[in-house]
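I have placed the structure first, in the form of structure tokens, so that the comments after it can refer back to it.
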Ligand code: TTP
Ligand code: MG
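Residue numbers (the numbering used here): 214 to 909.
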């Protein structure tokens, strides 16, 4: 067993590493069959991330190109004006006014070589005043001045132009903005669909992978030895199969779905910010470490406290349940005051922890929000100053603010994802722990192919204990000829059930050998063992399926065969009286049947499979005399012509057997026929007097 085997199912903690390359690699193995879906999801994800990164940029374009189409006047020597025009600016970026002056579009400073832009802005040749520009043949008003073919209106005087006039002379800007708005909308629609596709494909891939994990886990658990089950209570196994797989699923839907996208968005945003204005970028990113730290701290605290709240709530609930259901006892023994005190304490604990939770949320959430707002404020202050001094366009500032705000959410989400990853890693470790547990009963690779047995059984010097330190069976030696029968008798806890558990390989011997037809049971294939033996256990197990299915199990017995088997053990009588006869579906564990009826069904099951070797652990329970007789006859029918090992409590069964072994404290103390053993006046004789002496 690997190092993360048993020890890790010992506790159900969810602390641990948030990332474990080995575990992730194993998990990916389950995703592999569904990789097409994952790739599709990645494709969708790239689209949505791209759109999200693009939207603020479109806003910037709209503002700079159409809303704030501002120009500044540049005056210098004709030679430098010429050289500027020779830079081949984009259409409308530079406008020739006179030999010594140009109009330069403010937004174009952004797109030109930063060194040139710097030179222009700091050379003292660029006037700070900004103008809107209108063709002189379309508009000439009171405010502004005429220069060449253009009417220049200072930015601050734009409001003086009547609105209707403004709309007509700015028709080009209006149509430009409309076009951008439509593009914006189109992208949004695309991103909605791509986002839907992204989540759906990944969730489907996740559910399918988890389906596979659950199936494998279930199948594997079924092959495990009883040793495993004695160490892992049923409740815990149920948790493994459902909760732990669910934790993995949560990782899929919450983490994998968004993690890559978040990382991509954060990286993309930071890159864009740095390209737009690296100084402003660094300044606005300065709050990130504090923000990240606060988010992590908050998530961690929130998670711990959430767990505590859950624990206290469970305590509260179970306390109410217990006291209400036990109210009679409480009243009869006058325990009301006592229980009230106890309840008050639990209630008070729950109240206190809930208040603490409120406090954590009430303090941390606002703090985190404030940090994010401070980040935005820094951008606004510093960026605002840059915009005023002309180093940053208004559009760039607006885009900057959008990008910075857009970045906070994925960062705060990521700390939550880390928590989910942590529990998922712990869960997968436990799941793999089970998957790595070897089935104890292994079939050796050179096992004899399945065969039909004659039915000779022999135990040779068998020693065995459920745990190595306490031996349960010591030096067990006996043999049974094909078709003969043996009865195991002895006080409770003697080891009778243990002997037959070894024969069915629910467990394997520690030392010694069990031979079937002269061959070690461990060299036979498991199929030989299962096909040639039938076992009826002390606690008859009935599945919640129809009676016929309970007899048939997974074999392909016909209805006639099932009926004839149940006829032979005389079970048909009561089965036919059930509401739907053989098709009556049983309650869980056969709760609606009596003990005797359950036994009879199990006998029919054993008989229908026609085994060479019959193993029977007789129930000790008392049944009415009629059923007793039915059972007795059924056992006789079952034994006929088969090698039988019977843990017997009924004198009549014992007397029918060819040999009786008296077991006590894990040893065979006496053996022989009924008469021989009585004559010895030993353990058997005493048992006889105690149990059957009263004539039963
Ligand atoms: P059994 O073999 O179950 O005793 P028994 O079948 O003779 O008793 P009964 O007549 O009541 O059915 O148990 C022998 C010892 O092994 C006993 O001390 C309990 C112990 N034991 C385990 O430790 N683990 C197990 O799973 C079982 C079945 C028994
Ligand atoms: Mg027993």
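Virtual Cβ for every residue (Gly too), placed ideally from N, Cα, C.
Taking 7 Å as the cut-off, is the C-beta of residue i nearer than that to any heavy atom in the ligand MG?
i	result
residue 830	yes
residue 860	yes
residue 751	yes
Which same chain residues end up closer than 6 Å to residue i when comparing Cβ atoms and leaving out the 5 residues on each side of it in sequence?
i	result
residue 879	685, 686, 687, 708
residue 797	760, 791
residue 740	663
residue 857	698, 827
residue 882	875, 896
residue 621	585
residue 803	755, 811
residue 843	783
residue 905	864
residue 913	The structure shown does not extend to residue 913, since the chain spans only 214 to 909, so no value can be given for it.
residue 789	none
residue 291	312, 313
Please report whether the beta-carbon of residue i lies at a distance below 8 Å from any beta-carbon of chain D.
i	result
residue 602	Structure shown: chain D not included; a single protein chain is present.
Rounded to whole angstroms, how far is the Cβ of residue i from the Cβ of residue j, which I believe are closer than 8 Å?
i	j	result
residue 404	residue 265	7 Å
residue 914	residue 411	Since the first residue shown for the chain is 214 and the last is 909, residue 914 is missing from the structure and cannot be characterised.
residue 666	residue 745	4 Å
residue 308	residue 339	Contact flag wrong, Cβ pair sits at about 14 Å.
residue 603	residue 334	6 Å
residue 563	residue 525	4 Å
residue 250	residue 414	5 Å
residue 374	residue 366	7 Å
Just to confirm, does residue i get its C-beta within under 7 Å of one of the non-hydrogen atoms of the ligand TTP?
i	result
residue 531	no
residue 706	yes
residue 709	yes
residue 703	yes
residue 232	no
residue 897	no
residue 473	no
residue 679	yes
residue 685	yes
Skipping 5 residues on each side, what residues in its chain have a beta carbon closer than 7 Å to that of residue i?
i	result
residue 270	612
residue 580	507
residue 218	Caution applies to residue 218, whose pLDDT of 35 falls short of 50 and renders its modelled position unreliable; the value that the coordinates give is listed next. Excluding residues within five positions, the ones whose Cβ falls inside 7 Å are 646, 649, 650.
residue 587	500
residue 349	359, 362, 363, 364
residue 900	702
residue 815	749, 753
residue 182	Outside the displayed span of the chain (214 to 909) sits residue 182, for which this structure offers no information.
residue 623	475, 478, 479
residue 778	764, 817, 820, 821
Quick one: is the Cβ of residue i within less than 7 Å of any heavy atom of the ligand COA?
i	result
residue 458	In the structure shown, the ligand COA is absent; the only ligands present are the ligand TTP and the ligand MG.
Please go through the same chain and pick out, in chain order, the residues whose beta-carbon is closer than 8 Å to the beta-carbon of residue i, but skip the five residues on each side of it.
i	result
residue 868	887
residue 473	255, 258
residue 574	515
residue 519	570
residue 510	577
### Message
My parser needs the beta strand (DSSP E) runs of 3 or more residues fully inside the stretch 688-728; what are they?
### Response
The qualifying runs are 698-702.
### Task
Can you check the stretch 829-904 for any beta strand (DSSP E) of at least 3 residues that lies completely inside it and give the ranges in chain order?
For the stretch 829-904, whole beta strand (DSSP E) runs of length 3 or above, ordered along the chain, are 856-860, 872-877, 880-885.
### Query
Is the stretch 383-393 touching the stretch 415-430 in the sense that three or more CB pairs, one from each, lie closer than 8 Å?
Cβ pair count under 8 Å is below three, so no.
#### Entry: Stretch-stretch touch, CB-based, cutoff 8 Å, three pairs: the stretch 476-495 with the stretch 539-552
No: the two stretches stay apart, fewer than three of their Cβ pairs being nearer than 8 Å.
### Task
At 4 residues or longer, and completely inside the stretch 346-429: list those alpha helix (DSSP H) runs for me, N to C.
Runs of the alpha helix (DSSP H) inside the stretch 346-429: 376-382.
### Minimum length 4: unbroken alpha helix (DSSP H) runs contained in the stretch 463-508
As summarised for the stretch 463-508, the continuous alpha helix (DSSP H) elements at least 4 residues long and confined to that stretch are 470-489, 491-498, given in chain order.
### Message
Is it the case that the stretch 590-604 contacts the stretch 464-483, given that we only count it when at least three CB pairs across the two stretches are under 8 Å?
### Response
The way I'd put it, the stretch 464-483 doesn't touch the stretch 590-604; fewer than three beta-carbon pairs between them come closer than 8 Å.
### Message
What ranges does the alpha helix (DSSP H) occupy inside the stretch 272-311, keeping only unbroken runs of at least 4 residues that lie completely in it?
### Response
If one requires a minimum length of 4 residues, the alpha helix (DSSP H) runs lying completely within the stretch 272-311 are 291-298, in chain order.
### Query
Does the stretch 389-399 come close enough to the stretch 234-245 that 3 or more CB-CB pairs lie under 8 Å?
Touching, no.
### Task
Give, in chain order, every unbroken run of the alpha helix (DSSP H) that is at least 4 residues long and sits entirely within the stretch 759-821.
The stretch 759-821 contains these whole alpha helix (DSSP H) runs: 760-765, 772-781, 785-790, 808-821.
### beta strand (DSSP E) runs contained entirely in the stretch 660-691, provided each spans 3 or more residues
If we require 3 residues or more, the beta strand (DSSP E) runs fully inside the stretch 660-691 come out as 670-677.
### Query
Where are the alpha helix (DSSP H) runs, 4 residues long or more, that stay fully inside the stretch 553-602, in chain order?
Correct list: empty.
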